[in-house]
Amino acid sequence: MRISVFGTGYLGATHAAGMAELGHEVIGVDIDPDKIERLKRGEVPFYEPGLPELLQKHVESGRLRFTTDPAEAAEFADVHFIGVGTPQKKGENAADMRFVDAVIDTLAPLLTRPAVILGKSTVPVGTAARLAARVRELAPVGDDAQLGWNPEFLREGFAVEDTLRPDRLVIGIDKDRPGRIEEVAREVYADAISRDTPFLVTDLPTAELVKVSANAFLATKISFINAIAEVCEAAGADVLELADAIGHDERIGRKFLGAGLGFGGGCLPKDIRAFMARAGELGVDQALTFLREVDDVNMRRRSHMIQLVERELDGELKGRRVAVLGAAFKPESDDIRDSPALDIAGRLHLSGADVRVFDPQGMDNAAKVWPTLSFAESAADAVTGAEVIVVATEWKEFRELDPYGVADLAARKVIIDGRNCLPTERWIEAGWRYLGMGRHAS
Ligand code: UGA
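Structure below.
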């Protein structure tokens, strides 16, 4: 099929390359000329394992190209995906719909032959119906320009795998005007459908809500275990053993019960806030007040970490050397949006600590947001002279640090495992004071 993807960020670039891998002819569109130039050269402007190889392969095969010209995409493609961002509005919980609206207002007037638009961005419920009407109004082909919603569930760090082998496909259509959307979506995703991937056709608001509910559930699961971690800390219990034990119950499941510094990134935090804002607009704000608590528990983990560091330094942060290992919101990503790791590093720095940060991939992005922070050359460089070491992102490199080697570099043997990711016994055997999250210090 001939496909366009509007927006070439973490979602759009991966989707475009993934569609080319599935055998489609793809054109990626973005308003940022620098990004497009880099993509044309086969360069991915962010870190995502496996994506550079896929992108290069299909830029070379000619199946994937990029442009800043929406008219070129409108002319070329029969299916248009929208993968632009819906960030949190400044000073408000609601999502900023500017970029999605701009794509529709640009693309729809260019549609002179039948086309299907599939929205992928995470949007407040009701958006798709509004945009479908706008497309009909603006498109020269009128009703032959049809819009459906096809939410994306990919995880950063596993984006290629999740795009090529999704665990489910959801297509929202206007049941009163189904048009060709389902048929077209079945053709786009023929590969996944042939492997019996669940393919669910819903109405538009259900498809929009599936996405935000999934993220709200994941956020709730993380905050649940972090709330229990708080109780574990007070009661002298161990949240890791607790999570293993409750996780054996199939109804609960062990995944996303990783207690630690909590969730960050460009999705979970802003999505739960936008969900609450939208519920308020719909007059059902009470239904989602628990998400406020989910958000609060999450943010408390960060404050708790600052308190732990302060306590280990006898209440005095000023001038004290602290190593923060990690800046990205999770490993295998260079994304620092709402990153707990970077937030902690920044807060310690503002409290006067002499913070040295190291992240295997997130340093450039982190330095743009926090130019006044000190960034180390390596993990070894960051821990040298440190009185406290904080592991804030569970990169493999940090999980595999040698406690004896680190002991030779650090000023004191105190490590706070903000992701409960280190082999605890090894660190304790090597003489370290080890503090986990929701675990007793040893
Ligand atoms: C999340 C969802 O998992 C995807 O399904 C969704 O498509 C995506 O948002 C999106 O809306 O675009 P992502 O933001 O890439 O994906 O990251 P996750 O793997 O969900 O992790 C989110 C945060 O939760 C990270 O900061 C991670 O460290 C934290 N986390 C995760 C925990 O603190 N504990 C856990 O047990 C799991």
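Letter by letter, the sequence shown follows residues 343 to 784 in this note's numbering.
Note that the Cβ used here is the ideal one computed from N, Cα and C, for glycine as well.
The structure presented is a predicted model; accordingly, all values stated were derived computationally and were not measured.
For the ligand UGA, any of its heavy atoms closer than 7 angstroms to the Cβ of residue i?
i, result
"I564", "yes"
"E494", "yes"
"A669", "no"
"N557", "yes"
"D613", "yes"
"T548", "no"
"R689", "no"
"E390", "no"
"F605", "yes"
"E729", "no"
"C609", "yes"
"L659", "no"
"T464", "yes"
"F598", "yes"
"G602", "yes"
"R405", "no"
"L584", "no"
"K738", "no"
"E498", "yes"
"L560", "yes"
"K710", "no"
"K672", "yes"
Assign residue i to one of three DSSP states: helix, strand, or coil.
i, result
"E544", "Just to set this straight, residue 544 is Thr in the shown sequence, not Glu. T544: strand per DSSP, three-state reduction."
"G360", "helix"
"E379", "helix"
"S784", "coil"
"G370", "strand"
"I594", "coil"
"F283", "Since the displayed the chain opens at 343 and closes at 784, residue 283 lies outside it and no answer follows."
"L584", "helix"
"T428", "coil"
"R528", "helix"
"V626", "coil"
"S346", "strand"
"L603", "coil"
"Y776", "strand"
"L388", "Before going on, a small fix: residue 388 reads as Phe here, not Leu. F388: coil per DSSP, three-state reduction."
"T410", "coil"
Where does residue i land, buried or exposed, given buried means 16+ other C-beta within 10 angstroms?
i, result
"V332", "Residue 332 lies beyond the residue range present for the chain, which begins at 343 and ends at 784; the question has no answer from this structure."
"D518", "exposed"
"Q649", "exposed"
"D376", "exposed"
"F559", "exposed"
"Y776", "buried"
"H646", "buried"
"S784", "exposed"
"R383", "exposed"
"V465", "buried"
"L352", "The sequence shown places Tyr at residue 352, not Leu. Its Cβ being crowded by 16 or more others within 10 Å, Y352 is buried."
"R593", "exposed"
"T454", "exposed"
"T714", "exposed"
"D485", "exposed"
"D591", "exposed"
Got a sec? Which residues, its chain only, sit under 6 angstroms from residue i by beta carbon, not counting five neighbours each side?
i, result
"K563", "F598"
"S716", "R698"
"D723", "none"
"A752", "V725 and A728"
Excluding five sequence neighbours on each side, which residues of the same chain lie with their C-beta closer than 8 angstroms to the C-beta of residue i?
i, result
"R510", "F495, T539, P540, F541 and L542"
"R634", "M618"
"E529", "M343"
"E572", "V639, R642, H646 and G780"
Are there any heavy atoms of the ligand COA lying less than 7 angstroms away from the beta-carbon of residue i, as far as the coordinates show?
i, result
"R455", "Looking at this structure, you won't find the ligand COA anywhere; what it does contain is the ligand UGA."
Who are the near neighbours of residue i in its chain, counting only those whose CB is closer than 7 angstroms to its CB and skipping five residues on each side?
i, result
"G392", "V502"
"V467", "P547, E550, L551 and R620"
"V526", "V421 and V458"
"F605", "A561, I564, P611 and N640"
Are any of the Cβ atoms in chain D nearer than 8 angstroms to that of residue i?
i, result
"L406", "Although the question refers to chain D, the structure presented lacks it and comprises just one protein chain."
message: Ignoring anything shorter than 3 residues, give me the beta strand (DSSP E) runs that lie fully in the stretch 436-523, in order along the chain.
response: 457-461, 487-491 and 511-515
message: Please give the ranges of any alpha helix (DSSP H) in the stretch 649-716, keeping only runs that are unbroken, at least 4 residues long and fully inside the region.
response: 682-692 and 705-711
field: alpha helix (DSSP H) segments (min. 4 residues) lying fully within the stretch 728-762
entry: 738-741 and 745-751
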